[in-house]
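Protein chains: 2
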Amino acid sequence: MNVFDKKIAEQNDAQTPVAPPSRYRPSIYAAPFQKGGDGAAVELLSAADQDALMAISQLVSVRRNAMLYAEGGEAKFVYNVISGVAKTFQLQPNGDRHVTAFLFPRDLLGLSVDGQYVATAQALTPLLAYQIPVKALEAILERDPRLNIGLLCKLCHELRSSQSHAITVSKQHASARLAGFLLWVEHVSAQSGGGTSEFTLPMGRRDMADYLGLTIETVSRALNALEAEGAILRRGPRAIELLDGGKLREAAGLV
Amino acid sequence: MNVFDKKIAEQNDAQTPVAPPSRYRPSIYAAPFQKGGDGAAVELLSAADQDALMAISQLVSVRRNAMLYAEGGEAKFVYNVISGVAKTFQLQPNGDRHVTAFLFPRDLLGLSVDGQYVATAQALTPLLAYQIPVKALEAILERDPRLNIGLLCKLCHELRSSQSHAITVSKQHASARLAGFLLWVEHVSAQSGGGTSEFTLPMGRRDMADYLGLTIETVSRALNALEAEGAILRRGPRAIELLDGGKLREAAGLV
DNA sequence: CGGCATCTTGACCTTTGTCAAACGCGGTGG
DNA sequence: CCACCGCGTTTGACAAAGGTCAAGATGCCG
Numbered sequence: 001m002n003v004f005d006k007k008i009a010e011q012n013d014a015q016t017p018v019a020p021p022s023r024y025r026p027s028i029y030a031a032p033f034q035k036g037g038d039g040a041a042v043e044l045l046s047a048a049d050q051d052a053l054m055a056i057s058q059l060v061s062v063r064r065n066a067m068l069y070a071e072g073g074e075a076k077f078v079y080n081v082i083s084g085v086a087k088t089f090q091l092q093p094n095g096d097r098h099v100t101a102f103l104f105p106r107d108l109l110g111l112s113v114d115g116q117y118v119a120t121a122q123a124l125t126p127l128l129a130y131q132i133p134v135k136a137l138e139a140i141l142e143r144d145p146r147l148n149i150g151l152l153c154k155l156c157h158e159l160r161s162s163q164s165h166a167i168t169v170s171k172q173h174a175s176a177r178l179a180g181f182l183l184w185v186e187h188v189s190a191q192s193g194g195g196t197s198e199f200t201l202p203m204g205r206r207d208m209a210d211y212l213g214l215t216i217e218t219v220s221r222a223l224n225a226l227e228a229e230g231a232i233l234r235r236g237p238r239a240i241e242l243l244d245g246g247k248l249r250e251a252a253g254l255v
Numbered sequence: 001m002n003v004f005d006k007k008i009a010e011q012n013d014a015q016t017p018v019a020p021p022s023r024y025r026p027s028i029y030a031a032p033f034q035k036g037g038d039g040a041a042v043e044l045l046s047a048a049d050q051d052a053l054m055a056i057s058q059l060v061s062v063r064r065n066a067m068l069y070a071e072g073g074e075a076k077f078v079y080n081v082i083s084g085v086a087k088t089f090q091l092q093p094n095g096d097r098h099v100t101a102f103l104f105p106r107d108l109l110g111l112s113v114d115g116q117y118v119a120t121a122q123a124l125t126p127l128l129a130y131q132i133p134v135k136a137l138e139a140i141l142e143r144d145p146r147l148n149i150g151l152l153c154k155l156c157h158e159l160r161s162s163q164s165h166a167i168t169v170s171k172q173h174a175s176a177r178l179a180g181f182l183l184w185v186e187h188v189s190a191q192s193g194g195g196t197s198e199f200t201l202p203m204g205r206r207d208m209a210d211y212l213g214l215t216i217e218t219v220s221r222a223l224n225a226l227e228a229e230g231a232i233l234r235r236g237p238r239a240i241e242l243l244d245g246g247k248l249r250e251a252a253g254l255v
């Protein structure tokens with residue numbers, strides 16, 4: 001596929017409805033506020049919430065590299081990822097590209113300010129997601145406090161991750177950032193499928209670098225370092241085997 | 001005041017109820033999701049919301065340097081800042097201290113995971129805040145969708161700031177981080193009082209450094225650089241005059 | 001006025017960014 | 001089936017930014 005074809009693929013048929021809405025159900029995972037759990041993430045949508053959301057939403061299939069929405073566009077939908085991985089990024093005035101988040105199954109994306117998306121969202125793998133019209137969602141929220149609280153939890157969860165990401169990215173050395181990142185990807189990959197200690201990075205070096213605030217060269221060198229320490233093994237550019245989780249956690253500064 | 005007395009001050013009488021609850025009302029500012037505004041922050045609490053919150057809350061006065069709550073403590077309250085400035089920070093396993101946020105009037109703090117505070121909150125100036133019992137708040141949220149949506153907006157707002165902070169802190173140079181930070185402090189200071197282009201940093205170099213992911217030496221040098229460019233003028237360690245907002249925005253990479 | 005904490009300055013060194021080139025893999029076309 | 005091509009990744013040499021360590025200046029508060 002040449003560059004021209006690729007551009008086309010990103011623009012046309014970005015999202016195709018999938019029938020039947022079938023066995024997939026909306027799902028949002030996050031750690032709740034309340035005491036009791038062990039801080040672990042749990043499903044925040046009740047069966048009723050899921051039904052309500054399914055009633056107003058459409059399950060869409062998104063091709064790899066296709067855009068879900070663009071920064072500045074009218075925010076008509078929020079998305080609940082069912083399978084696959086997406087990224088959101090922003091272009092800075094100086095031309096830098098910042099990857100603000102990677103979205104895995106049970107994540108929510110599409111938050112807006114003033115009716116406009118604040119970032120561009122693109123699928124990193126073939127993606128299945130519920131496309132939820134904001135208007136209809138607002139109508140539900142107006143009269144369903146429980147769903148509201150679920151969303152509040154999710155947002156708090158995101159907020160905390162975002163803050164801890166800011167921390168990671170601000171003070172840690174390159175290999176510490178990488179180590180933390182790999183642990184995270186391994187974790188979320190594991191809970192949506194994979195069972196072994198080998199996992200696949202759904203994104204390329206560029207995206208990792210733009211997410212971690214590094215250059216692709218530094219990402220590469222940091223991977224070297226982690227491999228030299230025996231923490232990981234590279235089976236391919238995107239195939240990572242986790243050899244020693246302890247060493248990785250240590251490298252990540254989690255002691 | 002010696003170190004010992006200071007410790008005492010941080011632990012005893014951290015918060016003293018203020019009577020009468022008087023003229024101050026709870027207030028939360030953030031940019032809403034919906035189209036229509038210009039993306040500017042607005043008051044999210046209706047008069048009814050404010051009344052409901054006042055009915056269950058207590059206005060407390062917190063001394064400079066006193067703690068509002070400690071990381072890991074039982075999260076009984078959330079706080080709505082009325083006047084003054086607070087910071088939240090976390091201690092990392094390696095001993096680093098990360099300032100996760102500075103809280104200004106109309107901000108909310110005290111979010112928890114699993115019933116525990118995730119950071120320590122400390123007043124940087126004498127502080128007035130509504131202390132809202134989480135239990136009672138949850139009861140209100142259960143039956144008040146509008147207040148829920150207000151909180152959702154606030155959290156989204158925080159989330160966006162947090163992400164943009166992660167961006168700032170990850171790729172920008174030291175003086176760009178400083179410039180962005182100064183613009184932000186100037187902005188929030190201006191909307192809660194001050195009228196001129198001169199403002200006071202409510203925090204010391206250590207906190208700025210721990211927030212921006214720099215060392216205090218670098219903060220100092222970056223301030224030098226900005227002053228040399230004629231963007232700011234230091235009237236004292238904490239007194240900054242904004243001479244050229246354009247230059248500052250340029251230095252912040254906002255072109 | 002004195003003492004102490006905070007802030008600034010200076011010299012040096014580590015880490016990461018930059019620029020450039022080589023490598024490896026997958027896909028295409030001969 | 002194999003050579004070639006293009007892209008993403010890796011590697012290397014160098015420069016620049018910021019961290020570190022140490023000392024000196026400043027300002028605040030008693």
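Top to bottom, those sequences are chains S and H. Going by full-length UniProt numbering, the letters in the first sequence line up with residues 1 to 255, in that order. Going by full-length UniProt numbering, the letters in the second sequence line up with residues 1 to 255, in that order. Each residue gets a CB set at the ideal place from its N, CA and C atoms; glycine is no exception.
Distance CB(residue i)-CB(residue j) smaller than 7 Å
i	j	result
Val169 of chain S	Gly213 of chain S	yes
Leu147 of chain S	Ser162 of chain H	no
Lys35 of chain S	Asp114 of chain H	yes
residue 344 of chain H	Tyr117 of chain H	Since the first and last residues shown for chain H are 1 and 255, residue 344 of chain H lies out of range.
Tyr79 of chain S	Leu59 of chain S	no
Glu241 of chain H	Leu233 of chain H	yes
Ala41 of chain H	Ala30 of chain H	yes
Gln50 of chain H	Arg25 of chain H	yes
Arg235 of chain H	Leu201 of chain H	no
Arg64 of chain S	Pro126 of chain S	yes
Gln92 of chain H	Val62 of chain H	no
Glu71 of chain S	Pro145 of chain H	no
Leu152 of chain H	Leu178 of chain S	no
Secondary structure of residue i, DSSP reduced to three states
i	result
Val219 of chain S	helix
Asn80 of chain H	strand
Phe4 of chain H	In this predicted model, Phe4 of chain H has a pLDDT of only 38, less than 50, meaning its place in the structure is not dependable enough to derive any value.
Phe181 of chain S	helix
Ile98 of chain S	In the sequence under discussion, the amino acid at residue 98 of chain S is His, which differs from the Ile named in the question. Residue state, collapsed to three classes: strand.
Ala239 of chain H	strand
Thr196 of chain S	coil
Leu128 of chain S	strand
Arg206 of chain H	helix
Leu201 of chain S	coil
Pro32 of chain H	coil
Arg64 of chain H	coil
Gln92 of chain S	coil
Glu74 of chain H	strand
Leu147 of chain S	helix
Leu109 of chain S	strand
Residue i to residue j span [Cα, whole Å]
i	j	result
Ala55 of chain H	Gln131 of chain S	40 Å
Leu124 of chain H	Phe199 of chain S	45 Å
Cys156 of chain H	Leu111 of chain S	8 Å
Ala190 of chain H	Met67 of chain H	25 Å
Gln172 of chain S	Val85 of chain S	26 Å
Asn224 of chain S	Val185 of chain H	40 Å
Gly245 of chain S	Ser83 of chain H	46 Å
Asp96 of chain S	Ala231 of chain H	24 Å
Glu229 of chain S	Val188 of chain H	46 Å
Ala209 of chain S	Ile216 of chain S	5 Å
Ile149 of chain H	Arg106 of chain S	21 Å
His98 of chain S	Phe33 of chain H	22 Å
Ile140 of chain H	Leu137 of chain S	21 Å
Ser197 of chain S	Val255 of chain H	45 Å
Cβ-Cβ separation, residue j to residue i (assumed contact under 8 Å), whole Å
i	j	result
Ser27 of chain S	Glu43 of chain S	6 Å
Ala176 of chain H	Ala251 of chain H	6 Å
Thr88 of chain H	Ala129 of chain H	No, Thr88 of chain H and Ala129 of chain H are not in contact; Cβ-Cβ is about 13 Å, not under 8 Å.
Val81 of chain S	Phe104 of chain S	6 Å
Ala222 of chain S	Ala174 of chain S	4 Å
Which residues DSSP lists as bridging residue i, in chain order
i	result
Tyr24 of chain H	Tyr24 of chain H is not bridged to any residue.
Ala123 of chain S	S:Ala86
residue 259 of chain H	Because chain H spans 1 through 255 in this model, residue 259 of chain H falls outside it and cannot be assessed.
Thr16 of chain S	S:Ser61
Val169 of chain S	DSSP output for Val169 of chain S lists no bridge partner at all.
Glu43 of chain H	H:Tyr29
Gln50 of chain S	DSSP, once it has assigned bridges, lists no residue as partnering Gln50 of chain S.
Arg234 of chain H	H:Ile240
beta-carbon residue i near the ligand COA non-hydrogen atom, thresh 6 Å
i	result
Ser83 of chain H	This structure simply doesn't include the ligand COA, nor any ligand for that matter.
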